[in-house]
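One structure below.
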Amino acid sequence: MTDQLDLLSPTLHRDSTVFITGGGSGINLGIAEVFARTGAKVAICGRQEAKLAAAVTRLRDLGADAMYTVADVRDFDALAAGLETTARAFGPVTAVVAGAAGNFNAPASAISANGFKTVIDIDLLGSFNTARAAFDQLVETSGSILFVSAGQAYSPTSNQAHAGAAKAGIENLMKNLSLEWGRYGIRANSLVPGPIAGTEGLERLSAEVGSDRWRQAVPLGRFGTTADIGVMAAILASPLAGYVSGSQVIVDGGFGLAGFGMLHRAWLDAEEGQR
Numbered sequence: 079m080t081d082q083l084d085l086l087s088p089t090l091h092r093d094s095t096v097f098i099t100g101g102g103s104g105i106n107l108g109i110a111e112v113f114a115r116t117g118a119k120v121a122i123c124g125r126q127e128a129k130l131a132a133a134v135t136r137l138r139d140l141g142a143d144a145m146y147t148v149a150d151v152r153d154f155d156a157l158a159a160g161l162e163t164t165a166r167a168f169g170p171v172t173a174v175v176a177g178a179a180g181n182f183n184a185p186a187s188a189i190s191a192n193g194f195k196t197v198i199d200i201d202l203l204g205s206f207n208t209a210r211a212a213f214d215q216l217v218e219t220s221g222s223i224l225f226v227s228a229g230q231a232y233s234p235t236s237n238q239a240h241a242g243a244a245k246a247g248i249e250n251l252m253k254n255l256s257l258e259w260g261r262y263g264i265r266a267n268s269l270v271p272g273p274i275a276g277t278e279g280l281e282r283l284s285a286e287v288g289s290d291r292w293r294q295a296v297p298l299g300r301f302g303t304t305a306d307i308g309v310m311a312a313i314l315a316s317p318l319a320g321y322v323s324g325s326q327v328i329v330d331g332g333f334g335l336a337g338f339g340m341l342h343r344a345w346l347d348a349e350e351g352q353r
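To convert a position in the sequence shown, counted from 1, into our numbering, add 78.
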C-alpha cells in the first residue's frame with residue numbers, strides 16, 4: 079500500500095508558518111511532523127521544555143525550520159508572547175493548531191468540581207486563548223485554525239463527562255469563529271481523531287477494558303496513526319481545502335458510528351468489578 083505521506087507534496091506548505099499547542103508529543107507532534115515534511119516552518123508550544131526540545135530536534139531532522147515556546151494554554155499572555163516570538167523568527171502564522179488537552183477516566187459522580195474545571199480550562203479556554211492570541215496574525219495571512227477535538231464531543235461516553243463537555247464547547251467555538259472570522263479570510267475547522275496507536279490518550283482510555291476491545295469497535299479493524307491525523311491537518315490548512323470552513327472532520331476509521339456504545343457495557347462491567 080502506498081505510504082500516504084508520499085502522496086503529499088514536500089512543498090505543500092513551503093510558505094507556511096504553523097503554531098501548534100501541545101506539540102511536544104502524541105497526535106500533535108504527529109501533526110507537526112507532517113507539516114515539517116511538507117515544507118512548513120513549525121513552532122510547537124507546551125509546558126514541558128525537555129519534551130519540546132526533543133520534539134524540535136525530530137522536526138529539524140526532517141529538514142524543517144522548527145522552534146518551541148514554553149507556555150500553558152490557560153495563560154493568555156504567555157501564549158501571545160509565544161506567538162509574537164514565532165512571528166519574529168518565522169513570520170506571521172498561516173495556520174494554528176489548538177491541540178493542547180487534559181483528560182482522565184472517571185465517572186461523573188467521582189469528578190471533583192476542580193477536576194472538571196481543570197479539563198474545561200485546558201481544553202476549551204485553552205482553545206479560545208490560542209485562537210484569540212493568534213487572531214491578528216491570522217487576519218494578516220488569511221490563515222487557518224484547526225481545533226483538535228474528540229468523539230466525546232458528539233457521543234456521550236462513559237467516564238468522560240468532563241472531556242465531552244469541553245470538546246462539545248470546542249466544536250461550537252469552531253463554528254462561531256468560522257462564522258465571525260470568515261470575513262477576514264480565516265478558516266476554522268476541527269479534527270476528530272479516533273483511537274490512535276501509541277498515544278497516551280488511547281492507553282488511558284483503554285486501560286479498563288483493554289485495547290483489543292477498542293480495536294474491535296473500529297469498523298476498519300485497526301487503530302489509526304498520528305500520520306493519519308497529520309495528513310488531514312496538512313490538507314485542511316492548505317489551499318487544497320480553501321473552501322472548507324466550519325467543518326468537523328472525523329478521522330476515526332468509523333469508530334464514532336458505534337464504538338462508544340459498544341464499549342459502554344464493558345466500562346460498566348469494569349466499574350462493577352472494582353467495587
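Backbone N, C-alpha and C define an ideal beta-carbon position, used for all residues, glycine too.
A Cβ-Cβ distance of about 5 Å is found for the pair S323 and S256, placing them in contact under the 8 Å criterion. Residue state for T235 is assigned as coil, using DSSP reduced to three classes. In the three-state scheme derived from DSSP, where H, G and I count as helix and E and B as strand, T116 is classed as coil.
With a cutoff of 8 Å on beta-carbon distance, V175 and A231 are scored as not near each other. When only Cα atoms are considered, H240 and P297 end up about 27 Å apart. Comparing alpha-carbon positions, the option among Q294, R300, V309 lying closest to G339 turns out to be Q294.
Contact annotation: M145 and A121 have beta-carbon atoms nearer than 8 Å. As a beta-bridge residue in DSSP terms, A266 pairs with I223. In the DSSP assignment, Q326 forms a beta bridge with S268. Secondary structure at I189: coil, using DSSP grouped into helix, strand and coil. Here N183 is not near V197, since their CB atoms are 8 Å or more apart.
Distances from the alpha-carbon of S87 to those of G331, D153, L318, L335 put L318 closest. Taking C-beta separations shorter than 6 Å and ignoring five residues to either side along the sequence, R300 has no partners in its chain.
Counting only runs that start and end inside the region 105 to 178, the beta strand (DSSP E) elements of at least 3 residues fall at 119 to 124, 144 to 148, 173 to 176.
Remark: three or more beta-carbon pairs, one from each stretch, lie closer than 8 Å, so the region 244 to 258 and the region 220 to 228 are flagged as touching.
For I313, the enclosing alpha helix (DSSP H) begins and ends at 304 to 314.
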